[in-house]
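In what follows, a single structure is set out as structure tokens and then discussed.
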Amino acid sequence: MRETVSLALTGASGAQYGLRLLQCLLMADKQVFVMISRAAQIVINTETDLKLPGTPSEQEAFLAQLYSAKEGQLRVFGREQWMAPVASGSGAPSKMVVCPCSTGSLSAIATGASNNLIERAADVALKERRQLILVPREAPYSEIHLEHMLKLTRMGAVVIPASPGFYNKPTTVEEMVDFVVARILNQLNIEQALMPRWGDDLI
Ligand SMILES: Cc1cc2nc3c(=O)[nH]c(=O)nc-3n(C[C@H](O)[C@H](O)[C@H](O)COP(=O)(O)O)c2cc1C
10 MRETVSLALT GASGAQYGLR LLQCLLMADK QVFVMISRAA QIVINTETDL
60 KLPGTPSEQE AFLAQLYSAK EGQLRVFGRE QWMAPVASGS GAPSKMVVCP
110 CSTGSLSAIA TGASNNLIER AADVALKERR QLILVPREAP YSEIHLEHML
160 KLTRMGAVVI PASPGFYNKP TTVEEMVDFV VARILNQLNI EQALMPRWGD
210 DLI
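Just so we're aligned: the sequence shown equals residues 10 to 212 in the numbering used here.
Here it is as structure tokens:
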């Protein structure tokens with residue numbers, strides 16, 4: 010049976026990070042439970058050439074075809090689909106990533122709002138002490154944003170800012186995206202060939 014990872018895309022800039030992560034998880038033969046906020050849909054349609062359809066079932070078919078997902082490998086759940094596995098500790102996978110993570114979703118997760126399925130799934134991950142990775146993007150950060158990140162870090166979540174490094178001398182946007190996605194995959198303990206690990210060339 011495939012390992013399952015939950016992936017929420019919210020409305021911060023950087024849709025490419027979430028979409029590339031989805032592609033890499035599928036290529037790594039993971040099952041992926043995807044949630045896409047309404048704002049994320051706007052950002053995806055603004056920042057990429059994709060025209061993501063509006064309903065979860067249409068999005069599922071669209072993304073499955075785009076990334077050649079195998080039968081049943083990719084599921085998209087709607088914002089109020091409370092019967093989805095991610096909404097309960099008994100059904101949720103052990104790993105969840107919010108990428109990109111808007112400051113709005115960051116706030117809702119830090120305060121346990123649970124007003125939509127993304128917020129609820131993150132709340133479940135926290136209460137069950139499962140792996141939760143947040144990839145925020147904002148500049149500059151306010152004290153509120155920083156406090157939320159500190160609070161979530163103290164609860165065991167991992168904050169991976171969408172801030173690519175430059176020591177690999179990237180020449181394309183894709184390489185910069187892969188820098189961040191490789192960090193997330195490393196954290197998830199999923200093998201990746203996007204970026205060598207530091208010091209690999211010395212071994
Ligand atoms: C094109 C676009 C870019 C945005 N970029 C950011 C961003 O980088 N960071 C952020 O926190 N919010 C950003 N926002 C605002 C969020 O989408 C907005 O606060 C929204 O309510 C977040 O909702 P969500 O968390 O449910 O996705 C952006 C919105 C749009 C339309």
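Ideal Cβ positions, reconstructed from N, Cα and C, are used throughout, including at glycine. Keep in mind it's a predicted model, so treat the numbers as computed, not measured.
Are the CB atoms of Ala171 and Arg139 nearer to each other than 7 Å?
Against a cut-off of 7 Å, the Cβ pair of Arg139 and Ala171 comes out as no contact.
Just to confirm, does Ile45 get its C-beta within under 6 Å of one of the non-hydrogen atoms of ligand 1?
For ligand 1, no non-hydrogen atom lies closer than 6 Å to the CB of Ile45.
Any idea what DSSP makes of Pro65, helix, strand or coil?
Here Pro65 sits in helix by DSSP.
Can you find the residues in the same chain that come closer than 8 Å, C-beta to C-beta, to Thr19, ignoring five residues on each side of it along the sequence?
Close CB contacts of Thr19 within its chain, under the 8 Å cut and outside five residues either way in sequence, are with Ser46, Ala48, Ala49, Val107, Pro109, Cys110, Ser111, Gly113, Ser114 and Ile127 (chain order).
Under 7 Å between C-beta atoms of Ala24 and Glu56
Going by C-beta atoms, Ala24 is nearer than 7 Å to Glu56.
Assuming Lys136 and Val14 make a contact with CB atoms under 8 Å, what is their CB distance in whole Å?
Incorrect: roughly 18 Å between the Cβ atoms, too far for contact.
Check Ile127 in the structure and name its three-state DSSP category.
Correct three-state label for Ile127: helix.
Chain-ordered list of residues that sit, by beta carbon, closer than 6 Å to a heavy atom of ligand 1
The answer, residue by residue, is Thr19, Gly20, Ala21, Ser22, Ser46, Ala48, Ala49, Ile51, Val52, Thr55, Ser111, Thr112, Gly113, Ser114, Arg146 and Glu147.
With the cut-off set at 7 Å, would you say Ile51 and Leu59 are in Cβ contact?
No, the pair does not count as a contact, with Cβ atoms beyond the cut-off.
Expressed to the nearest angstrom, what Euclidean distance is found between the alpha-carbon atoms of Leu72 and Glu80?
Roughly 12 Å between the two C-alpha positions.
Pairwise C-alpha distance: Leu61 and Asn198
Approximately 29 Å between the Cα atoms of the pair.
Compare the beta carbon distance of Pro173 and Val189 with 7 Å and say whether it is the shorter of the two.
Against a cut-off of 7 Å, the Cβ pair of Val189 and Pro173 comes out as a contact.
Determine contact between the segment 36-44 and the segment 88-103, defined as no fewer than three beta-carbon pairs at a distance below 8 Å.
Contact between the segment 36-44 and the segment 88-103 is present, because at least three Cβ pairs lie under 8 Å.
Run through the segment 20-76 for me and flag every whole beta strand (DSSP E) of 3 or more residues, listed as ranges in chain order.
Those beta strand (DSSP E) runs which fall completely within the segment 20-76 and span 3+ residues are 40-45.
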